[in-house]
Amino acid sequence: MQTVAGSGRLDSPLHAMTSIAELGEARVADSSGLVVEGPIGGIAVRLDAPAPSPGDDLPAKFKRSYAGSRVLITGGMGFIGGHVARRLVGLGAEVSVFDADVSKDRLSIVNDPSEALRSRLSLVRGDIRFAADLQAVLAVPFDYVFHFAAYAVIECSTQHPVDTIETNALGVVNLLEALRHAPWRPKSITFASTDKVYGEMGTSSYSEESPLRGIGVYDAAKLAGDVFARMYSEVFGLPTVVIRLCNVFGPHDHNVAFRLIPKALSRIYRGDDPEPPVLYYDSLNHWRDYIYVDDAVDAFLLVGSRNRCRGHVYNVAAATHAPTAQILKDLVDCAAALEASHDPKRRAAIERNGIRIEMRNGVPGVVAIDRQHLDGSKLRALGFAPKTSFADGLARTVAFYRSLYRPPPERCADCIDDREALARA
32 MQTVAGSGRL
42 DSPLHAMTSI
52 AELGEARVAD
62 SSGLVVEGPI
72 GGIAVRLDAP
82 APSPGDDLPA
92 KFKRSYAGSR
102 VLITGGMGFI
112 GGHVARRLVG
122 LGAEVSVFDA
132 DVSKDRLSIV
142 NDPSEALRSR
152 LSLVRGDIRF
162 AADLQAVLAV
172 PFDYVFHFAA
182 YAVIECSTQH
192 PVDTIETNAL
202 GVVNLLEALR
212 HAPWRPKSIT
222 FASTDKVYGE
232 MGTSSYSEES
242 PLRGIGVYDA
252 AKLAGDVFAR
262 MYSEVFGLPT
272 VVIRLCNVFG
282 PHDHNVAFRL
292 IPKALSRIYR
302 GDDPEPPVLY
312 YDSLNHWRDY
322 IYVDDAVDAF
332 LLVGSRNRCR
342 GHVYNVAAAT
352 HAPTAQILKD
362 LVDCAAALEA
372 SHDPKRRAAI
382 ERNGIRIEMR
392 NGVPGVVAID
402 RQHLDGSKLR
412 ALGFAPKTSF
422 ADGLARTVAF
432 YRSLYRPPPE
442 RCADCIDDRE
452 ALARA
């Protein structure tokens, strides 16, 4: 096992393939208790789950804060919003989900029969762009509001800038205006923002005080919503909190067309024969932060429950900071290891396929950021730290998608509807 230092760059497809093949294991603990891990040669830096911290008693604190409370989640049928809904229901909260699509056939954790979640939620169909829809759902008081409703796909945002701005920027204003004029006031209104509001990195990491330079359509629209949320706290006294997220991964992310990890796993598991995950040439030098979805949920519940967080912005510290090549290599290795106990022939194919490097037929106007890395010190001071290592989170995620695409024979009848929907995605 080797200690890593420095960083490398992937300057060509040949260099990329060589570098991917040479990626190895290395770990060293830094002075803050975080574990730094990366491949031989210093191409990746990984921040794994830290030692136990004061945040380890968060479940008990969350129970005290949320049990018996009324909670509204906009965009609660989506990936992160759905996981927040599940956790809050488990804590004893009365949860209402406001979403433009609350249908039973939507691919969502809310509709997963094994979760038995849908029947325990109040589902309200509505659009964040329409004030009347918001006024209707806010006719009853809520103790907490979590806002996830968004136009969330960067490539689609570029093709539909007006819809993106109306949803991600003006939708925030619509929600806050409805709350400002409501005859009641929630304890907190927590907004999901993004690390993309910072733009290209000028330093080693973004702090909450870093300049905001989101320049793509999605980035700028989320930045506007971020600013509006903070303005409504300063000017109107609404108890808003902003969370700036990195890349969140885990089970039940059904955006298989665009998001790196679910897209890669769909290629490995969807067909009778596995296909290699694709690494685009223009992504060879991209570095990203990744955090497991359960840890992201912890961050939202933490800031939503603390009075001292009102009016503040928090970066969510990552469990992993690594290049896209490393993420995909880890994913392939994990999928192959899992397949050893299921289908050795498929395992051999996964290993043989490896990763495919392709030129991207880019969407005009999409602005890609090379390097993104959040400084999570401010949130860590509240007792938050990711509890799930990237390796553990990836193993859970790979197992979920394998079960989804390739269920055992006794589950095939139960999964046929989901698999047909995935085939259309």
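Numbering of the sequence shown is given in the working numbering, commencing with residue 32 and proceeding in unit increments.
The beta-carbon is built from N, C-alpha and C at its ideal position, and this holds for glycine as well.
Could you check the C-alpha separation between residue i and residue j for me, to the nearest Å?
i      : j      : result
Lys294 : Ser264 : 38 Å
Val334 : Val115 : 13 Å
Arg437 : Ser297 : 11 Å
Met262 : Val228 : 16 Å
Val76  : His352 : Caution is warranted here: a pLDDT of 40 is assigned to Val76, below 50, making its placement in the model unreliable, and the coordinate value is therefore given only provisionally. Val76 and His352: Cα-Cα distance of roughly 6 Å.
Ala368 : Ile322 : 22 Å
Glu197 : Arg160 : 6 Å
Ala349 : Gly407 : 8 Å
Thr275 : Lys376 : Per the sequence presented here, residue 275 reads as Arg, with Thr not at that position. Spanning the two alpha carbons is a distance of roughly 42 Å.
Leu332 : His191 : 32 Å
Gly106 : His285 : 14 Å
Arg316 : Ile185 : The question names Arg, but residue 316 in the sequence shown is Asn. Their Cα atoms are separated by approximately 19 Å.
Val273 : Val193 : 23 Å
Trp215 : Thr221 : 17 Å
Leu254 : Arg383 : 42 Å
Arg156 : Ala163 : 12 Å
Ile104 : Ala180 : 8 Å
Val120 : Glu146 : 11 Å
Ala379 : Asp320 : 30 Å
Val126 : Asp174 : 10 Å
Ser372 : Asp88  : 36 Å
Leu207 : Asp423 : 38 Å
Arg402 : Ser236 : 9 Å
Pro217 : Tyr312 : 47 Å
Val203 : Gly256 : 6 Å
With a cut-off of 8 Å on the beta carbons, I'd call residue i and residue j a contact; round off their distance for me.
i      : j      : result
Leu165 : Asn199 : Actually they are not in contact, since the Cβ atoms of Leu165 and Asn199 sit about 15 Å apart, beyond 8 Å.
Ile386 : Pro307 : 6 Å
Asp226 : Leu405 : 5 Å
Thr234 : Asp325 : In fact, because the Cβ distance is near 29 Å, the residues do not count as touching under 8 Å.
Ala260 : Ile111 : At roughly 17 Å, the Cβ-Cβ gap does not stay under 8 Å, so Ala260 and Ile111 are not in contact.
His239 : Asn346 : Going by the sequence as given, residue 239 is Glu instead of His. So it is a contact: roughly 6 Å between Cβ atoms.
Ala209 : Leu169 : 5 Å
Ile381 : Ile299 : 6 Å
Thr355 : Ser314 : 5 Å
Ile388 : Leu310 : 5 Å
Asp303 : Phe415 : Wrong, their Cβ atoms sit about 43 Å apart, outside the cutoff.
Return the chain-ordered list of same chain residues with a C-beta closer than 6 Å to the C-beta of residue i, the five sequence neighbours on each side being excluded.
i      : result
Val287 : Pro293, Lys294, Ser297, Ala456
Arg244 : Gly230
Ala124 : Tyr97, Ser100, Val102
Pro417 : Ala80, Ile322, Asp326, Ala350
Val176 : Leu103, Pro217, Ile220
Please return the same chain residues whose Cβ sits closer than 7 Å to the Cβ of residue i, not counting the five positions on each side in sequence.
i      : result
Thr195 : Tyr182, Ser188, Val248, Tyr249, Ala252
Met108 : Val128, Asp130, Asp132, Val133, Arg137, Ser139, Val141
Arg457 : Past the boundaries of the shown model lies residue 457; the chain is included only from 32 to 456, so the question cannot be answered.
Thr428 : Phe280, Gly281, Pro282, Ile292
Cys31  : As shown, the chain starts at 32 and ends at 456. That puts residue 31 outside it, with no answer to give.
Phe93  : Leu122, Leu332, Ser336
Val363 : Pro308, Ile381, Gly385, Ile386
Ser62  : Residue placement at Ser62 is flagged as unreliable, the pLDDT there being 30, under the threshold of 50; a coordinate-derived value is accordingly withheld.
Arg433 : Tyr300, Leu369
Below 8 Å CB to CB, which residues in the same chain sit around residue i once its five sequence neighbours on both sides are set aside?
i      : result
Arg211 : Tyr263, Phe267, Leu269
Practice problem: Pick out the complete alpha helix (DSSP H) segments inside the region 255–341, 4 residues or longer, and give them in chain order. | Solution: 291–300, 324–336
With three or more C-beta pairs closer than 8 Å as the rule, is the region 85–103 touching the region 143–151? no
Within the region 86–168, ranges of the beta strand (DSSP E) (whole runs, at least 3 residues)
101–105, 125–130, 153–156
As an exercise, report each continuous alpha helix (DSSP H) stretch of at least 4 residues that is fully enclosed by the region 186–237, in chain order. 192–196, 202–212
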